Amino acid sequence: MCARCGTSAGALTAGPPPTWTCSVENGDRRYFCETCSRENLRSIVGRLDSDWW
Ligand SMILES: [Zn+2]
């Protein structure tokens, strides 16, 4: 499930689709859907926690 918008990756998949972005924040792995990843690409690259958005 996307950590930002809550979109489900799909119940049949064991993990997020390859288009999703995995971000490690405070030791926790968070996944962001393709849309959120694109919108927040700069924040992710800047290693900013999603709470900052
Ligand atoms: Zn999303």
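The sequence shown begins at 1011 in the numbering used here and counts up by one. We put the CB at the ideal spot given by N, CA and C, even for glycine. Values in this document were obtained by computation on a predicted structure and should not be read as measured data.
- Membership of Cys1032 in the beta strand (DSSP E) is indicated by the continuous run Thr1031 to Glu1035.
- The C-alpha of Glu1044 lies about 7 Å from the C-alpha of Thr1031.
- Going by C-alpha positions, Arg1039 is about 6 Å away from Ser1033.
- Taking a C-beta distance under 7 Å as the contact criterion, Pro1028 and Ala1019 do not qualify as a contact pair.
- Screening all residues for a C-beta within a distance smaller than 5 Å of any heavy atom in ligand 1 leaves Cys1012, Arg1014, Cys1015, Thr1017, Cys1043 and Cys1046, in chain order.
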